[in-house]
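Counting from 1, one number per residue, gives the positions in the sequence shown under the UniProt record's numbering.
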Amino acid sequence: MQVLGDTELRWPDYTGNAMMMTLGNLRQDPAAGLLFVDRRDGSTLQLTGTATVDWGASDERPGAERVVRFRLRRAVQTDHASPRHPQDSRWARPGSAVTVCVGAVRWSG
């Protein structure tokens, strides 16, 4: 994940990330959400905004086939939101302090 400015993020995508359906849906509806979960204390950062996919771009990281750009519309931080235990190995890769989920969202008003 790369921060490009106050309201923009980008990240590379690789074959096998199981995100192709989500990324393909962004062509029809660019509304998107990101959820960052801090496994150390269960705090979350929810970001909503719009996302675009550059299908021909290959990030400077080897093997990247696409680049996703996310423009922030709203951010909500919730301290201690998740009851997950930091050592729950089913939840994220060992050694990783933050888990990120990406998905489509629907605006409500």
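Backbone N, C-alpha and C define an ideal beta-carbon position, used for all residues, glycine too.
Between the alpha carbons of residue i and residue j, how many angstroms are there, rounded?
i: G42; j: R10; result: 24 angstroms
i: D6; j: L45; result: 15 angstroms
i: Q2; j: T78; result: 22 angstroms
i: R39; j: H80; result: 10 angstroms
i: A57; j: P83; result: 38 angstroms
i: L72; j: G24; result: 20 angstroms
i: D29; j: L4; result: 22 angstroms
i: V76; j: L35; result: 10 angstroms
i: E60; j: E8; result: 18 angstroms
Mark residue i as exposed unless 16 or more other C-beta atoms lie within 10 angstroms of its C-beta, in which case mark it buried.
i: D13; result: buried
Confirm, please, whether the CB-CB distance from residue j to residue i is below 8 angstroms.
i: D54; j: V37; result: no
i: T31; j: T50; result: Here the sequence assigns Ala to residue 31, which means Thr is not the residue at that position. Against a cut-off of 8 angstroms, the Cβ pair of T50 and A31 comes out as a contact.
To the nearest whole angstrom, what separates the beta carbons of residue i and residue j, a pair I think is in contact under 8 angstroms?
i: T48; j: R74; result: 5 angstroms
Using only alpha-carbon positions, find the residue among the options that is nearest to residue i.
i: G33; options: P83, S82 and R69; result: R69
i: P62; options: T15, V76 and D29; result: T15
Kindly say whether residue i, judged by its beta-carbon, lies nearer than 8 angstroms to any beta-carbon of chain C.
i: S43; result: The chain inventory of the structure shown lacks chain C, comprising one protein chain alone.
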